[in-house]
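Structure record follows, encoded as structure tokens.
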Amino acid sequence: MPATALQCKECHAEYPLEARYVCENCFGPLEVAYDFTGLNADELRRRIQAGPLDIWRYADFLPFEQPPKTALAAGMTPLVKADRLAKKLGIGEVWVKNDAANPTHSFKDRVVTVAIAKAQELGYGVVACASTGNLANAVAAHAAAAGLDSYVFIPSDLEEQKVLATGVYGTKLVAVRGNYDDVNRLCTQISGDRDWAFVNVNMRPYYSQGSKTLGFEICEQLGWTIPDRIVAPIASGSLFTKIARGIDEWRQVGLVEGELPTMNGSQALGCSPVAEAFEQGWDACKPQKPDTIAKSLAIGNPADGPYAVELARNTGGGVDSVTDEEIVEGIRLLAETTGIFTETAGGVTTAVLRKLAERGDIGADERVVVVITGEGLKTLDVVRGTFETHEIEPSLASFESTVPEHVGAAA
Amino acid sequence: MGVTVKIPTQLRSVTSGESEAVVDEATTVGEVLDGLYDRFDGLKERIAEDGDLRRFVNVYVQGEDIRFLDGLETAVEDGDEVTILPAVAGG
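Going line by line, the protein sequences match chains D and U.
Okay, so the first sequence: first residue is 872 according to the numbering used here, each after it adds one.
Okay, so the second sequence: first residue is 424 according to the numbering used here, each after it adds one.
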């Protein structure tokens, strides 16, 4: 295992690999530091290809001595070439990384698998999280599979589908009367006083490592090459920055060659602190009170916001925001051109892709990957009323008089 | 009765393990923090830089982030609770 320490991203102070997330010197975030010297790219590639069809095939880049045995596998989700979407948008080549195809139907299975494996290694019996919904589903499920007690904290106004798909696993579900940032503050306070593994608080340095595997998979599935551009959603900014971090690690060890992709972040206008900081040229985000249908992205005070802004700037990308109406159009656009039904976060990402295409930001010869992080069945309500149902009597006459010739919006 | 400040675990090495401190006669969040800095050696450089809070430090008055209020100029009254927390959790 080349993981060597937890290191502060701000002042570079080092700490042992334990349940710790804040630098005591400067309050900066800690992340796992690795020493990749002496690793051979051909050997690494062989080990990956011979590995399991889940994120543990990338164990050389995750912070464990040995790949842990986990009950619910995550990762190796489809990367689908979306020619009809590309054509509709007038751009050259688009691929959809469909991370709804995970055990609990979002990318959160990746991060939770890593966090819970680490929690078990460190001897914790209780896991917990502050969640906007997808994480709640994943923590409750993975804790159940691992036989651990769990506490899941959510804002009380969450979509019903996400509440139901969490409670079913037998977790202790706590609905907090407040927004996600209130939930997060409360959990940060609780984590100081309880001996629990909060996956996105004291286990966050490990948790975030799981998001690197999205970057690894995209490159491996593209034949060990780096795409020109990646469009991904931003809530806390952790996923967005760690996709690039993963690709950068592979560049360091020689598994892939070339520049980092142009990184485009996507936010909902009703919660766009990172897009605002990017536009204004700030190096920190000004917190916002979220008001959007994209609840899984509704973090008004994003922990990795400054790093997301920096990454977008350094790769020649950007961070854009879209309205709730555009989000629903994005969901429909993806569904109608690829057969993939995404939740609101994927609607945000698809809508930003459309915006980039319409603005002429995407070159004709670019290979673009769009990261779809969650399943449409989790936010069903937003598509209600966006299409017509033709109700008829069970007779030919009724069918012929009621249903128009060309149904649907296929182009 | 003063203003009660909740100290996060990450700062308790400089507060002799204290999880709470009461600051008297402060009228703003900035004055509350100055009161703490006077009392606890080493606290200021951990959470402040160039006269402002470091970017990964969150401060709340009665549960509200001071960036939604008047920042360090936010007024406080006797009986208020000020909470200092790391900003690097969540998501």
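We put the CB at the ideal spot given by N, CA and C, even for glycine.
Note that the structure is a prediction, hence the values are computed from the model and not measured.
Quiz prompt | Which of helix, strand or coil DSSP assigns to Leu-1182 (chain D) | solution = Taking the first sequence and counting its residues from 1, the one referred to as residue 1182 (chain D) is at position 311. If DSSP states are grouped into helix, strand and coil, Leu-1182 (chain D) belongs with the helices.
Just reading off the alpha helix (DSSP H) that Tyr-1077 (chain D) is part of, what are its end residues? Counting from 1 along the first sequence, the entry for residue 1077 (chain D) is found at position 206. Residues 1075-1078.
**OP:** With Val-511 (chain U) as the anchor, note down where its alpha helix (DSSP H) starts and where it stops.
**Re:** Taking the first residue of the second sequence as 1, we reach residue 511 (chain U) at position 88. Val-511 (chain U) -> no alpha helix (DSSP H), and no H or E assigned at all.
* Quick one: using the 10 Å Cβ neighbour count with 16 as the cut-off for buried, is Met-1074 (chain D) buried or exposed? => In the first sequence, counting from the first residue as 1, residue 1074 (chain D) sits at position 203. Met-1074 (chain D) should be labelled buried.
message: If contacts are defined as beta-carbon pairs under 8 Å, then Ala-444 (chain U) and Val-1072 (chain D) qualify, I think. What distance do you get, rounded to the angstrom?
response: Counting from 1 along the second sequence, the entry for residue 444 (chain U) is found at position 21. Counting from 1 along the first sequence, the entry for residue 1072 (chain D) is found at position 201. The distance from the Cβ of Ala-444 (chain U) to that of Val-1072 (chain D) is about 23 Å, inconsistent with a contact at the 8 Å cut-off.
*Please confirm if Ala-1281 (chain D) has its CB atom under 7 Å from at least one CB of chain U.*
Here the question's residue 1281 (chain D) lines up with position 410 in the first sequence. The predicted model places Ala-1281 (chain D) with a pLDDT of 49, which falls under 50 and marks its position as unreliable; any figure quoted below should be read in that light. It does not; no Cβ of chain U falls within 7 Å.
With burial defined as no fewer than 16 other Cβ atoms inside 10 Å of the residue's Cβ, what is the status of Glu-1276 (chain D): buried or exposed?
-> Counted from its first residue, the first sequence places residue 1276 (chain D) at position 405. So Glu-1276 (chain D) ends up on the exposed side.
So with Cβ pairs under 7 Å, would you call Pro-887 (chain D) a contact of chain U?
If you number the first sequence from 1, residue 887 (chain D) lands on position 16. No, its Cβ sits nowhere closer than 7 Å to a Cβ of chain U.
query = The beta strand (DSSP E) with Leu-901 (chain D) in it runs from where to where?
reply = In the first sequence, the residue the question calls residue 901 (chain D) occupies position 30. In the DSSP annotation of this structure, the continuous segment of the beta strand (DSSP E) that includes Leu-901 (chain D) starts and ends at 901-905.
Taking CB distances under 7 Å as the criterion, tell me whether Phe-1024 (chain D) reaches chain U.
Position 153 of the first sequence, counted from the start, is the residue given in the question as residue 1024 (chain D). Phe-1024 (chain D) does not count as touching chain U.
task = Kindly list, in the order they appear in chain D, the residues whose Cβ is closer than 9 Å to that of Ser-436 (chain U).
result = The residue labelled residue 436 (chain U) in the question sits at position 13 within the second sequence. Within chain D, the residues near Ser-436 (chain U) are Glu-895.
| Thr-427 (chain U) CB to nearest chain D CB: under 7 Å? | For the purposes of this step, residue 427 (chain U) is taken as the residue at position 4 of the second sequence. Contact with chain D is absent for Thr-427 (chain U), since none of that chain's Cβ atoms lies less than 7 Å from the residue's Cβ.
Exercise for the section: Would you please verify whether the beta carbon of Phe-1111 (chain D) is less than 7 Å from any beta carbon of chain U? Expected result: The residue labelled residue 1111 (chain D) in the question sits at position 240 within the first sequence. Output row for Phe-1111 (chain D): interface = no.
Original post:
Quick one: is Arg-917 (chain D) buried, meaning 16 or more other Cβ sit within 10 Å of its Cβ, or exposed?
Top reply: For the purposes of this step, residue 917 (chain D) is identified with residue 46 of the first sequence, where counting begins at 1. It counts as exposed.
Report the three-state DSSP secondary structure of Gln-937 (chain D) (helix, strand or coil).
Here residue 937 (chain D) refers to the residue found at position 66 of the first sequence. Correct three-state label for Gln-937 (chain D): coil.
- Message: So Thr-1059 (chain D) contacts chain U; which residues on that side make the cut at Cβ distance below 7 Å?
- Response: Sequence index remark: in the first sequence, residue 1059 (chain D) carries index 188 (1-based). Listed along chain U, the residues sitting closer than 7 Å to Thr-1059 (chain D) by beta-carbon distance are Leu-508, Pro-509 and Ala-512.
message = If you follow the beta strand (DSSP E) that Glu-441 (chain U) is in, where does it begin and where does it stop?
response = By one-based count along the second sequence, residue 441 (chain U) stands at place 18. Glu-441 (chain U) -> no beta strand (DSSP E), and no H or E assigned at all.
Check your understanding: Is the distance from the Cβ of Val-997 (chain D) to the Cβ of Trp-1067 (chain D) below 7 Å?
Key -> Taking the first sequence and counting its residues from 1, the one referred to as residue 997 (chain D) is at position 126. Taking the first sequence and counting its residues from 1, the one referred to as residue 1067 (chain D) is at position 196. Judged by beta-carbon spacing, Trp-1067 (chain D) lies within the 7 Å limit of Val-997 (chain D), meaning their Cβ atoms are closer than that value.
*What residue ranges within the stretch 1110-1151 of chain D form continuous beta strand (DSSP E) runs of no fewer than 3 residues, ordered along the chain?*
1133-1139
- Any beta-carbon of chain A closer than 7 Å to the one on Gly-1176 (chain D)? The structure shown contains no chain A; its protein chains are D and U.
- Can you grab the Cα-Cα spacing for the pair Leu-960 (chain D) / Ala-1228 (chain D), in whole Å? For the purposes of this step, residue 960 (chain D) is taken as the residue at position 89 of the first sequence. For the purposes of this step, residue 1228 (chain D) is taken as the residue at position 357 of the first sequence. Approximately 6 Å, taken between the alpha carbons.
request  = Tell me the start and end of each unbroken alpha helix (DSSP H) in the stretch 949-1021 of chain D that is at least 4 residues and wholly inside, in chain order.
outcome  = 954-960, 979-992 and 1005-1017
* Have a look at U:Gly-494, U:Val-484 and U:Leu-495 and flag the residue whose alpha-carbon is nearest the alpha-carbon of Val-426 (chain U). => Your numbering for residue 426 (chain U) matches position 3 in the second sequence. Among U:Gly-494, U:Val-484 and U:Leu-495, the Cα nearest to that of Val-426 (chain U) is on U:Val-484.
Quick check on Pro-887 (chain D): buried or exposed, where buried means 16 or more other Cβ atoms within 10 Å of its Cβ? Walking along the first sequence from the start, residue 887 (chain D) turns up at place 16. Burial call: exposed.
Inset, instruction - Grab the span of the beta strand (DSSP E) containing Arg-1238 (chain D) for me, first residue to last. - result: For this step, residue 1238 (chain D) is matched to residue 367 along the first sequence. 1238-1243 is the span of the beta strand (DSSP E), which, as asked, contains Arg-1238 (chain D).
From this set, D:Ser-1027, D:Cys-1000 and D:Ile-1101, which residue's C-alpha is nearest Thr-1059 (chain D)'s C-alpha?
-> Locating residue 1059 (chain D) in the first sequence gives position 188, counting from the first residue. Checked all of D:Ser-1027, D:Cys-1000 and D:Ile-1101; the closest Cα to Thr-1059 (chain D) is D:Cys-1000.
inquiry  = Contact defined as beta carbons within less than 8 Å: I believe Ala-1179 (chain D) pairs with Ile-1105 (chain D). What is the distance between those atoms, to the nearest angstrom?
reply    = Looking up residue 1179 (chain D) in the first sequence gives position 308. Looking up residue 1105 (chain D) in the first sequence gives position 234. Going by Cβ atoms, the distance from Ala-1179 (chain D) to Ile-1105 (chain D) rounds to 5 Å, so yes, they are a contact pair.
- Task: Step through the CB atoms of chain D and report whether any lies within less than 7 Å of the CB of Thr-450 (chain U).
- Result: Position 27 of the second sequence holds residue 450 (chain U). By the rule that beta-carbons nearer than 7 Å mark a contact, Thr-450 (chain U) does not touch chain D.
Identity of the residue in U:Leu-508, U:Leu-476, U:Gly-514 and U:Met-424 nearest Glu-496 (chain U) by Cα: Numbered from its first residue, the second sequence carries residue 496 (chain U) at position 73. Glu-496 (chain U) has its Cα closest to that of U:Leu-476, out of U:Leu-508, U:Leu-476, U:Gly-514 and U:Met-424.
Around the Cβ of Thr-1273 (chain D), are there at least 16 other Cβ atoms within 10 angstroms (buried) or fewer (exposed)? As a first step, residue 1273 (chain D) must be located in the first sequence, where it is residue number 402. Thr-1273 (chain D) should be labelled exposed.
What are the residues that DSSP puts in a beta bridge with Arg-483 (chain U)?
Along the second sequence, one-based indexing puts residue 483 (chain U) at 60. It is worth fixing the name first, because residue 483 (chain U) is Tyr in this sequence and not Arg. DSSP lists U:Asp-488 and U:Thr-506 as partners of Tyr-483 (chain U).
Measuring CA to CA, which of D:Met-947, D:Val-985 and D:Ile-987 is closest to Asn-969 (chain D)?
Your numbering for residue 969 (chain D) matches position 98 in the first sequence. With distances taken between Cα atoms, Asn-969 (chain D) lies closest to D:Met-947.
(message) Using 8 Å for Cβ pairs, my map puts Arg-1048 (chain D) next to Val-1239 (chain D). What's the rounded Cβ distance?
(response) As a first step, residue 1048 (chain D) must be located in the first sequence, where it is residue number 177. As a first step, residue 1239 (chain D) must be located in the first sequence, where it is residue number 368. So it is not a contact: roughly 41 Å between Cβ atoms.
**Q.** Below-7 Å beta-carbon distance, Gly-1152 (chain D) vs any chain U residue
**A.** What you label residue 1152 (chain D) is simply residue 281 of the first sequence in a count that begins at 1. False, the Cβ-Cβ gap to chain U never drops below 7 Å.
- Out of D:Leu-1126, D:Thr-1037, D:Leu-943 and D:Tyr-1051, which has the shortest C-alpha to C-alpha gap to Asp-931 (chain D)? Position 60 of the first sequence, counted from the first residue, corresponds to residue 931 (chain D). The shortest C-alpha separation from Asp-931 (chain D) is found at D:Leu-1126.
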